[in-house]
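K.L.:
Numbering (the working numbering), first residue to last: 145 to 474.
Every residue gets a Cβ at the ideal spot worked out from N, C-alpha and C, and that includes glycine.
Note that this is a predicted model, so its numbers are computed, not measured.
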Amino acid sequence: MADPLLSTLRISILTIFMAVAARSDFDTLSVRDRHWIRWSAPVVLILLVEMTSENMGLANFCMVFSLVAVFSFCFSDPPDPRDFRDWNQNQALLSVVYALGLVGFLYGANAYSDTNFVDLVLGDESKETTLWWSMNGAFLTSAIFYGSWRIGLIQGGADVKALILVTLVFPSWSFVPDQMYPLVEDPLFRMPPSMVLFIWAAAAFLVAPPIIFIQNAARGNISSLSDLKMAWHATKRRISDLKGTPDSASYQSWILTEAIEKNGEMSAVDRILPSRRLSNAQDEDKQLELLEELGLDSVWITTKHPFLVYLFLAIFPMLLFGDPLSYLIR
């Protein structure tokens with residue numbers, strides 16, 4: 145599939161909205177909902193245009209709305225059918241989206257359920273049948289992302305909204321241009337594109353601790369077992385450099401060295417996780433003064449690394465190399 149013009153538009157839109165979101169999350173640790181909602185419009189429009197131009201059938205056309213339905217759960221609860229007389233315009237529109245998504249499931253199940261799954265895996269089924277099952281996989285992937293957020297496995301709401309919107313950008317690999325440097329030629333099985341994006345981002349996230357540790361070792365920041373515990377995810381900064389920093393700068397990092405009172409005496413401890421007591425810049429300044437009184441001239445701090453930044457960076461290996469797991473399960 146992957147029309148060259150639509151692929152260029154799709155990748156351009158993906159790069160722009162992910163870059164803007166990553167910048168916002170890095171600067172403020174938040175991304176406004178309206179960002180995702182606004183960018184979903186061209187994403188859905190391109191997908192519908194491609195479905196229509198390729199004549200992929202009514203079921204696949206309507207399956208797009210099943211993905212939109214899952215995406216909408218991130219921003220509002222489903223309208224209560226018992227109160228349909230009191231629905232506002234948005235609730236009425238959502239109900240239409242749900243109905244179209246349901247048509248995609250029911251009509252597709254009637255048309256494509258009698259499928260030879262060996263032929264499906266080998267790519268020998270019709271393109272309409274293959275796409276309908278791929279859209280079901282995209283729906284399941286979106287539901288997994290949403291459910292993981294709701295039960296706390298994925299903490300960031302912006303991360304989940306990004307991943308579901310990426311699923312709308314690339315519901316299956318048939319919408320992704322051929323990779324320039326594929327890890328495996330013609331793999332039999334690949335994870336959904338948005339799941340692959342998550343895997344690449346997680347891999348980059350796991351590379352960070354060894355790099356931070358090497359930097360600390362090179363700077364001579366490791367001189368005790370306590371330092372060894374901290375050196376994987378934090379760096380040392382002089383207190384004099386931290387005092388009086390702007391709120392925007394202090395908001396981007398956590399101080400992990402804290403002055404606590406134990407048995408009537410003050411002492412300094414290094415925490416792996418930041419203390420909830422240091423909720424603002426004024427609290428941090430007081431802590432820094434106490435630590436100076438205890439004779440410390442430097443403290444451990446950790447920079448906030450929004451996962452959305454890693455998701456943005458993961459776009460490039462996903463498009464260049466494809467699914468890293470396909471190399472392991474070839």
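May I ask you to list the residues that DSSP assigns as paired with Ser411?
P.N.:
To locate residue 411, count along the sequence shown from 1; it is residue 267. DSSP output for Ser411 lists Ile404 as bridge partner(s).
K.L.:
Assuming contact is defined by CB atoms lying nearer than 8 Å, are Ala313 and Tyr290 in contact in what I supplied?
P.N.:
The residue labelled residue 313 in the question sits at position 169 within the sequence shown. The residue labelled residue 290 in the question sits at position 146 within the sequence shown. The sequence given here has Val at residue 313, not Ala. No, Cβ-Cβ distance for Val313 and Tyr290 is not below 8 Å.
K.L.:
Give the straight-line distance between the Cα atoms of Trp444 and Ser239, rounded to the nearest whole angstrom.
P.N.:
Counting from 1 along the sequence shown, the entry for residue 444 is found at position 300. Counting from 1 along the sequence shown, the entry for residue 239 is found at position 95. Answer to the nearest angstrom: the Cα atoms are 51 Å apart.
K.L.:
Quick one: grab the DSSP three-state call for Trp376.
P.N.:
Position 232 of the sequence shown, counted from the first residue, corresponds to residue 376. Reduced to three states, the DSSP call for Trp376 is coil.
K.L.:
To the nearest angstrom, how far is the alpha carbon of Trp344 from that of Leu455?
P.N.:
To locate residue 344, count along the sequence shown from 1; it is residue 200. To locate residue 455, count along the sequence shown from 1; it is residue 311. Cα-Cα distance, rounded: 8 Å.
K.L.:
Counting Cβ pairs closer than 8 Å, one from the segment 450-470 and one from the segment 160-177, do we hit at least three?
P.N.:
Segments in contact, yes.
K.L.:
Grouping DSSP H, G and I as helix and E and B as strand, with all else coil, what is Ser392?
P.N.:
What you label residue 392 is simply residue 248 of the sequence shown in a count that begins at 1. Reliability of the predicted coordinates at Ser392 is poor, the pLDDT of 47 falling under 50, and the value obtained from them is presented with this limitation in mind. Note: Ser392 maps to helix in three-state DSSP.
K.L.:
With DSSP run on the structure shown, which of helix, strand or coil describes Ser397?
P.N.:
Locating residue 397 in the sequence shown gives position 253, counting from the first residue. Looking at Ser397 - three-state DSSP - the assignment turns out to be strand.
K.L.:
Would you kindly report the start and end of the unbroken alpha helix (DSSP H) that includes Ser384?
P.N.:
Start at 1 with the first residue of the sequence shown, and residue 384 comes out as number 240. That run of the alpha helix (DSSP H) goes Ile383 to Leu386.
K.L.:
In angstroms, rounded to a whole number, what distance separates the CA positions of Ile366 and Leu327?
P.N.:
Locating residue 366 in the sequence shown gives position 222, where the first residue counts as 1. Locating residue 327 in the sequence shown gives position 183, where the first residue counts as 1. Their Cα atoms are separated by approximately 38 Å.
K.L.:
Pull up the CB-CB distance for Ile308 and Cys206, whole angstroms please, since I reckon it's below 8 Å.
P.N.:
Position 164 of the sequence shown, counting from 1, holds the residue named residue 308. Position 62 of the sequence shown, counting from 1, holds the residue named residue 206. The pair is not a contact, with the Cβ atoms about 18 Å apart (cut-off 8 Å).
K.L.:
Using a threshold of 8 Å, state whether the C-beta atoms of Val214 and Phe283 are closer than that.
P.N.:
The residue given as residue 214 occupies position 70 in the sequence shown. The residue given as residue 283 occupies position 139 in the sequence shown. Contact: yes.
K.L.:
Among residues of its own chain, excluding the 5 on either side of Glu436, which ones have a beta-carbon nearer than 7 Å to its beta-carbon?
P.N.:
Position 292 of the sequence shown, counted from the start, is the residue given in the question as residue 436. Taken in chain order, the residues that qualify are Ile383.
K.L.:
Considering only DSSP beta bridges, list what Thr446 is partnered with.
P.N.:
Stepping through the sequence shown from its first residue, residue 446 is reached at position 302. Answer is Trp398, bridged to Thr446.
K.L.:
Decide if Ser392 is buried, meaning its Cβ has at least 16 other Cβ atoms within 10 Å, or exposed.
P.N.:
Position 248 of the sequence shown, counting from 1, holds the residue named residue 392. Note that Ser392 scores a pLDDT of 47, beneath 50, so its modelled location is shaky; the value from the coordinates is reported in the next line. Under this definition Ser392 is an exposed residue.
K.L.:
In whole angstroms, what is the alpha-carbon distance linking Leu438 and Ala378?
P.N.:
As a position in the sequence shown, residue 438 is number 294, starting the count at 1. As a position in the sequence shown, residue 378 is number 234, starting the count at 1. Straight-line Cα distance between these residues: approximately 21 Å.
K.L.:
When you compare the segment 455-472 with the segment 402-413, are there three or more beta-carbon pairs, one atom per stretch, that lie closer than 8 Å?
P.N.:
Contact fails: fewer than three Cβ-Cβ distances are below 8 Å.
K.L.:
Once DSSP output is grouped into helix, strand and coil, what is the label at Ile356?
P.N.:
The residue given as residue 356 occupies position 212 in the sequence shown. Of the three classes helix, strand and coil, the one that applies to Ile356 here is helix, per DSSP.
K.L.:
Using a threshold of 8 Å, state whether the C-beta atoms of Glu272 and Asn204 are closer than that.
P.N.:
For the purposes of this step, residue 272 is taken as residue 128 along the sequence shown, with counting starting at 1. For the purposes of this step, residue 204 is taken as residue 60 along the sequence shown, with counting starting at 1. Closer than 8 Å, so yes.
K.L.:
In the structure shown, what three-state DSSP assignment does Phe314 receive?
P.N.:
Indexing the sequence shown from 1 puts residue 314 at position 170. Three-state DSSP puts Phe314 in coil, outside helix and strand.
K.L.:
Helix, strand or coil for Arg334? Go by DSSP, reduced to three states.
P.N.:
Taking the first residue of the sequence shown as position 1, residue 334 is located at position 190. Arg334 falls in the coil class under three-state DSSP.
K.L.:
Which of helix, strand or coil does DSSP assign to Ile288?
P.N.:
Here residue 288 corresponds to residue number 144 of the sequence shown, with the count starting at 1. Correct three-state label for Ile288: helix.
K.L.:
Can you give me the C-alpha to C-alpha distance between Ile399 and Pro418, rounded to a whole angstrom?
P.N.:
By one-based count along the sequence shown, residue 399 stands at place 255. By one-based count along the sequence shown, residue 418 stands at place 274. Computed Cα separation, rounded: 7 Å.
K.L.:
Below 8 Å on the Cβ atoms is my guess for Leu275 versus Met200; work out the distance and round it to an integer in Å.
P.N.:
In the sequence shown, residue 275 corresponds to position 131, counting from 1. In the sequence shown, residue 200 corresponds to position 56, counting from 1. With a Cβ gap of about 6 Å, Leu275 and Met200 count as contacting.
K.L.:
Give the secondary structure of Asn365 by DSSP, where H, G and I count as helix, E and B as strand, and everything else as coil.
P.N.:
What you label residue 365 is simply residue 221 of the sequence shown in a count that begins at 1. Residue state, collapsed to three classes: coil.
K.L.:
Inspect the beta-carbon positions of Ser197 and Gly245 and report whether they are closer than 8 Å.
P.N.:
Residue numbering aside, residue 197 sits at position 53 when the sequence shown is read from its first letter. Residue numbering aside, residue 245 sits at position 101 when the sequence shown is read from its first letter. Not in contact: Ser197 and Gly245 (Cβ atoms no closer than 8 Å).
K.L.:
Would you call the segment 329-336 and the segment 226-237 in contact, with 3 or more CB pairs under 8 Å?
P.N.:
In short, these stretches do not touch, since the Cβ pair count stays below three.
K.L.:
Are there 16 or more other CB atoms within 10 angstroms of the CB of Val351, so buried, or fewer, so exposed?
P.N.:
Counted from its first residue, the sequence shown places residue 351 at position 207. Exposed: under 16 other Cβ atoms inside 10 Å.
K.L.:
Of all the options Lys387, Ala302 and Trp277, which has the alpha carbon lying nearest to the alpha carbon of Asn254?
P.N.:
Locating residue 254 in the sequence shown gives position 110, counting from the first residue. Closest option to Asn254, Cα to Cα, is Trp277.
K.L.:
Report buried or exposed for Pro354, applying the criterion of at least 16 other Cβ atoms within 10 angstroms of its Cβ.
P.N.:
The count along the sequence shown starts at 1 and reaches residue 354 at position 210. Exposed.
K.L.:
What are the start and end residues of the alpha helix (DSSP H) that includes Cys206?
P.N.:
Counting from one through the sequence shown, the residue named residue 206 turns up at place 62. Note, Cys206: alpha helix (DSSP H), Leu202 to Phe217.
K.L.:
Whole angstroms are fine: how far does the CA of Tyr471 sit from the CA of Pro461?
P.N.:
The residue labelled residue 461 in the question sits at position 317 within the sequence shown. The residue labelled residue 471 in the question sits at position 327 within the sequence shown. So the two alpha carbons sit approximately 14 Å from each other.
K.L.:
Should Pro315 go down as buried or exposed, given a rule of 16 or more other Cβ atoms within 10 Å for buried?
P.N.:
On the sequence shown, residue 315 is found 171 positions in, with the first residue counted as 1. Its Cβ being crowded by 16 or more others within 10 Å, Pro315 is buried.
K.L.:
Out of Gly281, Gly364 and Ile416, which has the shortest C-alpha to C-alpha gap to Arg338?
P.N.:
Working through the sequence shown from its first residue, we reach residue 338 at position 194. Correcting the residue type first, residue 338 is Ser in the shown sequence and not Arg. Ser338 has its Cα closest to that of Gly281, out of Gly281, Gly364 and Ile416.
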